[in-house]
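Report on one structure; see the data block that follows.
Structure representation (structure tokens):
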């Protein structure tokens, strides 16, 4: 009998709580073999299986993804739409008002996803997958967001002092930096081309930073979640 | 006023009632998809079943697996008395809201 792709099948086992692991994976396997393979063929049935597992992940952990996305989007908006002087509208706000926009909030949510995931699945790896999945969905969203807003935001940025100075500094430096010998900045580079490469570089470095944060905080959160689960089970057994 | 069951929750509960002894995850999913005439994600049905069980409207128990699912157990669902009560309440509310109107509705003028 045909089998679904190994990666989503393994992810599914890490996503589901112990009481649902056998029945839900069995239901998907039955649907895959009995209905999807005959109707769609192996390749499209595999895609269907991937979508089902992705959907299960998203339904469980969307509420960790949304706050991180909100923090990043709000940051991007305030970074783009600046005062005519170039100053950010966030400057001068009290620390308490700025606290929800702190990168620590995003990092905290990776840890929370890890803790919740391991508590729910009673497996450390369940929490780790939750945290890494949160990173992946957020990063994918930001890739789409930055591409979709590149042109409209550039129309605003190219008339703002802050961004004009940043562009000129970047493209007219005496000793431009390069990344493994590659330097996309040139003196005659248009603003739009410069902001495109800036976005791409930002996406790359944001990805590395978030991946590291999700792995570390997700690991810590997963450990906390697992310990909490075992304490709770021990307390229930005692009573 | 107590929360009224959502339309998807009603669809899932009615599917369980319709399937009777055969109401396990995949069968419920296919029944709901057939009634709503659209593809339904397995996660949506699973999340709804978990929520209904937490609310005390359904009960579940593991049953025998089959070779096509590599022997993995199936989880069968039963609607409890509270679930029946909620379904009846939802239907009464629906009928009350629609009272005085003839279906299908038509635009005036």
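Chains as they are written, first to last, in our numbering: chain A, 6 to 244; chain B, 366 to 474.
Backbone N, C-alpha and C fix where the C-beta goes; we use that ideal spot for every residue, glycine too.
N-terminal and C-terminal residue of the beta strand (DSSP E) that residue i is part of
i	result
residue 443 of chain B	439-444
residue 427 of chain B	423-428
Closer than 7 angstroms at the beta carbon, the chain A residues around residue i
i	result
residue 434 of chain B	31, 34, 35
residue 391 of chain B	32, 35, 36
residue 430 of chain B	31
Neighbour list for residue i in chain A, Cβ cutoff strictly below 8 angstroms
i	result
residue 427 of chain B	27, 28
residue 438 of chain B	27, 28, 31
Proximal chain B residues relative to residue i, where beta-carbon distance stays under 9 angstroms
i	result
residue 64 of chain A	406, 408, 409, 411, 412
residue 38 of chain A	433, 434
residue 60 of chain A	406, 407, 408, 409
Residue range of the unbroken alpha helix (DSSP H) whose run includes residue i
i	result
residue 52 of chain A	42-85
residue 37 of chain A	Where residue 37 of chain A is concerned, there is no enclosing alpha helix (DSSP H), given that its DSSP letter is neither H nor E.
residue 141 of chain A	129-162
residue 113 of chain A	108-126
residue 215 of chain A	196-243
residue 13 of chain A	11-20
residue 167 of chain A	166-176
residue 397 of chain B	390-401
residue 91 of chain A	First-last for residue 91 of chain A: undefined, no H or E at that position.
residue 104 of chain A	Element bounds for residue 104 of chain A: n/a, residue is neither H nor E.
residue 408 of chain B	407-419
residue 377 of chain B	372-384
Presumed contact (8 angstroms Cβ cut-off) between residue i and residue j, rounded CB distance
i	j	result
residue 478 of chain B	residue 413 of chain B	Because chain B spans 366 through 474 in this model, residue 478 of chain B falls outside it and cannot be assessed.
residue 132 of chain A	residue 227 of chain A	3 angstroms
residue 391 of chain B	residue 36 of chain A	5 angstroms
residue 387 of chain B	residue 423 of chain B	Not a contact, Cβ separation roughly 15 angstroms.
residue 378 of chain B	residue 417 of chain B	7 angstroms
residue 196 of chain A	residue 172 of chain A	5 angstroms
residue 437 of chain B	residue 30 of chain A	6 angstroms
Partner residues on chain B for residue i, Cβ-Cβ distance less than 7 angstroms
i	result
residue 138 of chain A	Under the 7 angstroms cutoff, chain B gives no residues; its nearest Cβ is about 14 angstroms from residue 138 of chain A.
Closer than 8 angstroms at the beta carbon, the chain B residues around residue i
i	result
residue 57 of chain A	406, 407, 408
CB contact check: residue i to chain E, cutoff 8 angstroms
i	result
residue 371 of chain B	This model lacks chain E altogether, as its protein chains are A and B.
Quick one: any contact between the region 101-118 of chain A and the region 130-140 of chain A, if contact means 3 or more CB pairs under 8 angstroms? These segments touch.
Count the CB pairs spanning the region 9-18 of chain A and the region 54-73 of chain A that are closer than 8 angstroms, and state whether there are at least three. With a cut-off of 8 angstroms, the region 54-73 of chain A and the region 9-18 of chain A count as touching, because enough Cβ pairs lie within range.
For the structure I just gave you, are there three or more beta carbon pairs, one from the region 447-463 of chain B and one from the region 40-49 of chain A, closer than 8 angstroms? Pairwise C-beta distances place the region 447-463 of chain B out of contact with the region 40-49 of chain A, as fewer than three of them are shorter than 8 angstroms.
Under 8 angstroms, with one C-beta from each stretch per pair, do the region 94-107 of chain A and the region 147-157 of chain A reach the 3-pair mark? These segments do not touch.
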